[in-house]
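Undergrad:
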Amino acid sequence: MKIALLGTRGVPASYSGFETCVEQLGQRLAARGHEVTVYCRSHHITYSEPEYKGMRLVKLPTLPNKYLDTIVHSFLSSLHALFQGFDIGLYFIAGNSPVAWIPRLVGTRTILNVDGLDWRREKWPALAKKYIQFAEYLATILPTAYLTDSRHVQQYYKEQFKSEPAYIPYGSDVEIRPPGETLAKFGLEAGKYVLFVGRLVPENCAHHLVEAFRKMETDLKCVIVGDAPYAEEYKASLKKLAGGDPRIIFTGYVFGEGYQELGSNARVFVESSGVGGTHPALVEAMAFGNCVIAHDTPENLETIGKGEAGFFYDGQAGADSLRQILIKLLHDSRLIQEYGAKAQQFARRHYSWDAVTDEYERLFYHTLRKPLPGRLSQTPVDAP
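Quick note, my numbering runs 1330 ahead of the 1-based positions in the sequence shown.
(1) Do you know how far the Cα of residue 1649 is from the Cα of residue 1542?
(2) Taking 8 angstroms as the cut-off, does the segment 1483 to 1491 touch the segment 1506 to 1513 (at least 3 CB pairs, one atom from each stretch)?
(3) Three-state secondary structure (DSSP) at residue 1504?
(4) In chain order, what residues of the same chain lie with their CB nearer than 6 angstroms to the CB of residue 1520, ignoring the 5 residues before and after it?
(5) Since I believe residue 1528 is in contact with residue 1556 (beta carbons under 8 angstroms), could you give me their beta-carbon distance rounded to a whole number of angstroms?
(6) Do you know offhand how far residue 1457's Cα is from residue 1344's?
(7) Using the beta-carbon count (16 or more within 10 Å), is residue 1637 buried or exposed?
(8) Below 8 angstroms on the Cβ atoms is my contact criterion, and I expect residue 1715 with residue 1337 to pass it. Report the Cβ-Cβ distance as a whole number of Å.
(9) Apart from the five residues on each side of it in sequence, which residues of its chain come closer than 8 angstroms, Cβ to Cβ, to residue 1568?
(10) Taking the straight line between their C-alpha atoms, what separation do you get for residue 1559 and residue 1353?
(11) Could you tell me whether the Cβ atoms of residue 1495 and residue 1429 are closer together than 8 angstroms?
(12) Determine the direct distance from the alpha carbon of residue 1389 to that of residue 1379, and round the result to whole angstroms.
(13) Would you say residue 1600 and residue 1677 are within 8 angstroms of each other, going by their C-beta atoms?
(14) Looking at the strands, I want to know which residues DSSP matches up with residue 1381.
(15) Figure out for me which residue from 1663, 1359, 1689, 1693 has the closest Cα to the Cα of residue 1384.
(16) Please report how far the alpha carbon of residue 1714 lies from the alpha carbon of residue 1418, in whole angstroms.
(17) In its own chain, which residues sit with a C-beta less than 8 angstroms from the C-beta of residue 1408, not counting the 5 before and 5 after it?
(18) DSSP three-state label for residue 1443, please.
(19) Compute the minimum distance between the beta carbon of residue 1648 and the heavy atoms of the ligand ATP, and state whether it is under 7 angstroms.
(20) List the endpoints of the continuous beta strand (DSSP E) containing residue 1475.
(21) With DSSP collapsed to three states, give me the class of residue 1366.
(22) Considering Cα atoms alone, identify which of 1616, 1504, 1551 is closest to residue 1639.
(23) DSSP three-state call for residue 1332: helix, strand or coil?
(24) Count the other C-beta atoms from every protein chain shown that fall within 10 angstroms of the C-beta of residue 1376, then say buried if there are 16 or more, exposed otherwise.
(25) Just reading off the beta strand (DSSP E) that residue 1341 is part of, what are its end residues?
(26) Under the DSSP definition of a beta bridge, which residues are partnered with residue 1732?
(27) Just to confirm my understanding: we take residue 1415, look at its own chain, exclude 5 residues before and 5 after, and list those with CB closer than 7 angstroms. What are they?
(28) With a threshold of 16 other CB atoms inside 10 Å of the CB of residue 1671, please say whether the residue is buried or exposed.
(29) If you reduce the DSSP assignment to three classes, tell me which class residue 1715 lands in.
(30) Among 1698, 1589, 1706, 1624, which one has its Cα closest to the Cα of residue 1688?
(31) Among the residues of its own chain, which have a CB less than 7 angstroms from the CB of residue 1464, if the five just before and after it don't count?
(32) I need the straight-line Cα distance from residue 1469 to residue 1658, nearest angstrom please.
(33) When you compare only the Cα positions, how much space is there between residue 1712 and residue 1498?
(34) Within the continuous alpha helix (DSSP H) that includes residue 1402, where are the two ends?
(35) In this structure, how does DSSP classify residue 1494 when only helix, strand and coil are distinguished?
(36) Taking DSSP as the reference, what is the three-state secondary structure of residue 1583?
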């Protein structure tokens, strides 16, 4: 098949979970003999080669604006795709649904991964929230098909729009790395830090962890990995909340081998996000074998098997609830090891990128009304 991946910043992945999904999925599809094209934002992707891990890169401009960046680039990408003869156009993010019909004009079948319920994010003003909610409705009618990586989001679409998207989970394959340059750079020791990874925006609630940690008596460190454009005020508030505590370390963005090293050697991982679908950082932390603590959103609880593979805290209580669980765990090494092993086993069973790629291929062939190749005839991926 000729497959286009649209709606993200592009690859190499250097921003969020959807870019990682494009990289992991795209390279596997290419390795299986499909022609894969990834549309990239020229102001974000500085990689100079025309191909990356078997994927052809098409760089197009956009308006680098908080509200227009994504949709303008997706619109231009959709126009470009009209003349490429794609069989499948896979879009990401519900906000791109208004342009998902464009490649259909020439017979391309389009599929949209809607992600989580993005209108719940605090960063959006009222008008933008209304647009995203309308875009969710359009996701049910403008692309040929749509999907989600969360059973909770799937249920939301069933209840809200009487329409059921396909479910395909996020993958979790990671490379376990020993302590090395990255830990040395930030003055860290293996097994002696609590880790957060995510965009530093209010709805990801990193302040829960910073506030909880500041009031704890421990010689461990707290490592906050991430950044965010257009969120300077919140990032400043986090550092003010940290109060100069030398145990709390803000690393900025860390990707690739450095990210793998940090994830491989954490003692506990905290997923504090209060909105969104499946959070890639949480799934990957489980694959690293981290003992995980998650904000008790339905999506996070789903990801950790409702407590089977991790702990959760009361997001309404915030830092106070999180601190109690951290104190309990940091005084019980056996419990940390036990739940780290449970998390890793759960991730291997439910969140494999190869199995996820199988599911996307099945959806592509089904959408094209083509018979499945023999290698895809086995039982679909197990879902939590």
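We put the CB at the ideal spot given by N, CA and C, even for glycine.
TA: Here's the rundown:
(1) Straight across, the Cα-Cα distance linking residue 1542 with residue 1649 is about 5 angstroms.
(2) no
(3) For residue 1504, the secondary structure class from DSSP, reduced to helix, strand or coil, is coil.
(4) 1509, 1595
(5) 5 angstroms
(6) Counting only the Cα atoms, residue 1344 lies some 29 angstroms from residue 1457.
(7) Residue 1637 comes out exposed.
(8) An answer regarding residue 1715 cannot be provided, because it is not within the stretch 1331 to 1714 covered by the chain.
(9) 1530, 1536, 1537, 1540, 1554, 1580
(10) Each residue's Cα considered, the two are about 22 angstroms apart.
(11) Their beta carbons are not under 8 angstroms apart, which means residue 1495 does not touch residue 1429 by this criterion.
(12) Rounded to whole angstroms, residue 1379 to residue 1389 spans 11 angstroms at the Cα level.
(13) no
(14) 1386
(15) 1359
(16) Annotation note: pLDDT 47 at residue 1714 (below 50); position unreliable, no value reported.
(17) 1336, 1419, 1429, 1430, 1432, 1433
(18) strand
(19) Absent from the structure shown: the ligand ATP. Ligands present: none.
(20) 1475 to 1478
(21) strand
(22) 1616
(23) strand
(24) exposed
(25) Where residue 1341 is concerned, there is no enclosing beta strand (DSSP E), given that its DSSP letter is neither H nor E.
(26) There is no way to answer for residue 1732, as the model of the chain reaches only from 1331 to 1714.
(27) 1332
(28) So residue 1671 ends up on the exposed side.
(29) Given a span of 1331 to 1714 for the chain in the structure shown, any question on residue 1715 remains unanswerable.
(30) 1706
(31) none
(32) 44 angstroms
(33) Model confidence at residue 1712 stands at a pLDDT of 48, short of 50, so the residue's coordinates are unreliable; what they give is reported in the following sentence. Each residue's Cα considered, the two are about 10 angstroms apart.
(34) 1399 to 1411
(35) coil
(36) coil
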